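Inspection log for the structure reproduced underneath, given as structure tokens.
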Amino acid sequence: MPLSGASFARQLGDETIFLRTGSKNLPVIDVNGTFDRKYELVAEDFRKLLQEQSQGLTLAVLHKGELVINLWGGKADVVAGRNWTENTMSVAYSATKLIGALAFATLASRKQVDYNDKVTKYWPEFGKHEKDVLTIDDILNHKSGLIKFSRDFTLNEAKDERFMSKLIEESVPMWAPGERIGYHALTYGFLLDQLFQRIHPKKQTIQEFYEKEIRSKVPNGDFYLGVRKEEAHRIARITLDSLWQTMKNHWDHFAVTWPVFYAYFKNGGLALVSGNSPSFLSVSRRDIIPYNDIDVLQFPSTSALGVGTAAGFTRVVRQFWIGGVISEEIWRDLEKPAIFDEEDFVLGLRRWMKHGLFYRKIEKADRFTINFPGNGGQYVDVDQKRDLIIVLMRNGLRGGLGDPAFDGIRRKIIEIADED
Numbered sequence: 001m002p003l004s005g006a007s008f009a010r011q012l013g014d015e016t017i018f019l020r021t022g023s024k025n026l027p028v029i030d031v032n033g034t035f036d037r038k039y040e041l042v043a044e045d046f047r048k049l050l051q052e053q054s055q056g057l058t059l060a061v062l063h064k065g066e067l068v069i070n071l072w073g074g075k076a077d078v079v080a081g082r083n084w085t086e087n088t089m090s091v092a093y094s095a096t097k098l099i100g101a102l103a104f105a106t107l108a109s110r111k112q113v114d115y116n117d118k119v120t121k122y123w124p125e126f127g128k129h130e131k132d133v134l135t136i137d138d139i140l141n142h143k144s145g146l147i148k149f150s151r152d153f154t155l156n157e158a159k160d161e162r163f164m165s166k167l168i169e170e171s172v173p174m175w176a177p178g179e180r181i182g183y184h185a186l187t188y189g190f191l192l193d194q195l196f197q198r199i200h201p202k203k204q205t206i207q208e209f210y211e212k213e214i215r216s217k218v219p220n221g222d223f224y225l226g227v228r229k230e231e232a233h234r235i236a237r238i239t240l241d242s243l244w245q246t247m248k249n250h251w252d253h254f255a256v257t258w259p260v261f262y263a264y265f266k267n268g269g270l271a272l273v274s275g276n277s278p279s280f281l282s283v284s285r286r287d288i289i290p291y292n293d294i295d296v297l298q299f300p301s302t303s304a305l306g307v308g309t310a311a312g313f314t315r316v317v318r319q320f321w322i323g324g325v326i327s328e329e330i331w332r333d334l335e336k337p338a339i340f341d342e343e344d345f346v347l348g349l350r351r352w353m354k355h356g357l358f359y360r361k362i363e364k365a366d367r368f369t370i371n372f373p374g375n376g377g378q379y380v381d382v383d384q385k386r387d388l389i390i391v392l393m394r395n396g397l398r399g400g401l402g403d404p405a406f407d408g409i410r411r412k413i414i415e416i417a418d419e420d
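According to the UniProt record's numbering, the sequence shown is numbered sequentially starting from 1.
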């Protein structure tokens with residue numbers, strides 16, 4: 001056995017497993033959960049990854065509707081001494097953007113919108129300051145230039161839809177609209193929700209649509225846009241890597257981080273602007289962590305405020321295709337990106353995109369997965385061809401870019417699923 005003395009689950013439905021991990025220099029950590037025996041090596045990799053965490057970690061894999069991996073361990077709140085459990089929820093950060101893109105795919109499936117439609121067809125007032133050239137696809141593909149609005153705004157102001165509408169209408173893009181991709185870290189959800197309401201025949205918000213047509217139809221669909229206050233006790237407490245560890249991570253993955261640093265100095269620090277606008281959702285500050293504030297987490301935004309379990313996240317994502325809300329025609333259209341290897345003006349990264357979805361090539365295969373990373377090391381990966389969804393979440397946010405450990409886990413999971 002790869003894990004000496006460990007009790008392995010041999011098939012789905014077995015009792016919860018407890019894998020002990022530790023060394024003479026590090027405390028023993030329990031890995032809890034279940035996995036199909038085919039994924040034994042993945043469980044071993046998860047154990048190793050957990051050992052490196054300062055807090056908690058969870059991994060869920062849904063393959064053809066079966067939860068073939070559901071593992072967790074570590075601390076949900078180290079100060080309180082609260083362990084991560086099967087019911088612990090955490091913040092998905094920008095991995096939440098997948099939900100926004102899929103919500104628009106449902107509108108396209110129902111012929112309620114065309115991706116090439118001008119935004120002003122549905123929102124005439126949006127066209128000020130040369131924004132009239134923007135299409136629905138431009139908004140979804142981070143091309144609007146609205147990485148910040150004309151002024152900062154508060155959580156209470158964000159709840160006022162008329163205020164937000166006016167604020168966005170008066171905002172001036174930070175580059176020529178539609179001409180380049182630039183990651184809209186936090187404004188993205190506000191743009192999508194204002195537009196979605198104007199297009200939806202019943203004027204539903206993305207949250208209202210998601211609750212009615214997706215989450216409510218999923219047993220154990222524990223993934224929320226706007227978590228309920230009474231669920232606060234289940235939410236893992238977010239912590240940050242030390243500044244030293246963050247710098248080390250950047251150095252260790254210099255090939256990945258160098259383009260980001262170069263872009264930062266070349267474009268005048270747009271990454272900081274994008275990650276700090278609005279300030280009540282900032283992912284750039286080290287003095288406060290807004291994502292530990294239950295008032296913030298109750299706000300429904302597809303920018304970064306999806307909260308739930310990893311298993312719940314996999315289930316609600318799958319509901320988008322088994323629930324019939326997205327047509328086969330649109331799913332086929334989403335199999336491959338339309339934007340190939342284009343530079344992200346804000347972050348300096350290379351992007352493969354289509355209709356708001358990010359893609360990643362599968363090694364040694366002629367196909368892509370839909371791949372959304374989130375701040376600090378959250379990941380959701382969707383392989384449509386194999387009916388495979390992978391979600392990794394953690395509350396001890398990892399500083400820097402690049403995550404070889406998750407890359408290895410993802411690769412093994414896809415290889416095993418390919419053999420099935």
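Virtual Cβ for every residue (Gly too), placed ideally from N, Cα, C.
Note that the structure is predicted; figures quoted are calculated from it, not measured.
C-alpha of Pro-290 to C-alpha of Glu-419: approximately 43 angstroms in a straight line. The beta carbon of Val-380 sits closer than 6 angstroms to those of Ala-95, Leu-98, Phe-372 and Val-391, all from its chain and outside the five residues before and after it, given in chain order. For Pro-404, the uninterrupted alpha helix (DSSP H) segment begins and ends at 404–419. Contiguous beta strand (DSSP E) elements confined to the region 330–364 occur at 339–343, 350–354 and 357–361, taking only those with 3 or more residues. Every unbroken stretch of the alpha helix (DSSP H) spanning 4 or more residues and falling wholly within the region 294–336 is given here in chain order: 294–297, 310–322 and 328–333. By the Cβ test, the region 163–175 is not in contact with the region 276–285, since fewer than three Cβ pairs between them sit closer than 8 angstroms.
For Gln-319, the number of other beta carbons within 10 angstroms of its own is at least 16, and it is reported as buried.
Here Gly-356 is not near Phe-223, since their CB atoms are 8 angstroms or more apart.
When C-beta atoms of the region 395–409 are compared with those of the region 45–53, three or more pairs fall below 8 angstroms, so the two segments count as touching. Boundaries of the beta strand (DSSP E) harbouring Thr-58: 56–63, taken from the DSSP string. Its chain contains Lys-336, Tyr-359 and Lys-361 as the residues whose beta carbon lies nearer than 6 angstroms to that of Phe-368, once the 5 sequence neighbours on both sides are disregarded; these appear in chain order.
According to the DSSP assignment, Val-42 belongs to the alpha helix (DSSP H) that extends over 40–51. For Asp-381, there is no enclosing alpha helix (DSSP H); the residue is found in the beta strand (DSSP E) stretching over 378–383. Collapsing the DSSP output to three states places Val-31 in a strand. When the alpha-carbon of Leu-195 is set against those of Val-91, Asp-77 and Lys-118, the nearest one is in Lys-118.
From the listed residues Trp-123, Gly-182 and Ser-109, the smallest Cα separation to Asn-141 is found for Gly-182.
In the DSSP annotation of this structure, Val-172 is not part of any beta strand (DSSP E), being labelled neither H nor E. The beta carbon of Asn-70 sits closer than 6 angstroms to those of Gly-33, Thr-34, Ala-60 and Ala-311, all from its chain and outside the five residues before and after it, given in chain order. As the crow flies, the alpha-carbon of Ser-327 is around 9 angstroms from that of Ala-108. For Asn-156, the uninterrupted alpha helix (DSSP H) run begins and ends at 155–158, by DSSP. Under the three-state reduction of DSSP, Thr-239 is assigned to strand. In the same chain as Asp-387, and ignoring 5 residues on each side of it, the C-beta atoms closer than 6 angstroms to its own belong to Lys-64, in chain order.
Counting along the chain, no alpha helix (DSSP H) covers Gly-145, and no H or E run does either.
In this structure, the CA atom of Arg-285 is about 17 angstroms from the CA atom of Thr-187. Looking at the DSSP output, Tyr-224 shares a beta bridge with Val-307. Per DSSP, reduced to three states, the secondary structure at Ser-284 is coil, with no helix or strand assignment.
The continuous stretches of alpha helix (DSSP H) do not include Ala-232, and DSSP gives it neither H nor E.
For Asp-77, the secondary structure class from DSSP, reduced to helix, strand or coil, is strand. Taking a C-beta distance under 8 angstroms as the contact criterion, Tyr-93 and Ile-199 do not qualify as a contact pair. Nearest to Leu-41 by alpha-carbon distance, out of Val-68, Ser-54, Gln-55 and Leu-57, is Val-68. At a Cβ-Cβ threshold of 8 angstroms, Ile-330 and Lys-354 do not count as neighbours. At a Cβ-Cβ threshold of 8 angstroms, Gln-55 and Arg-394 count as neighbours.
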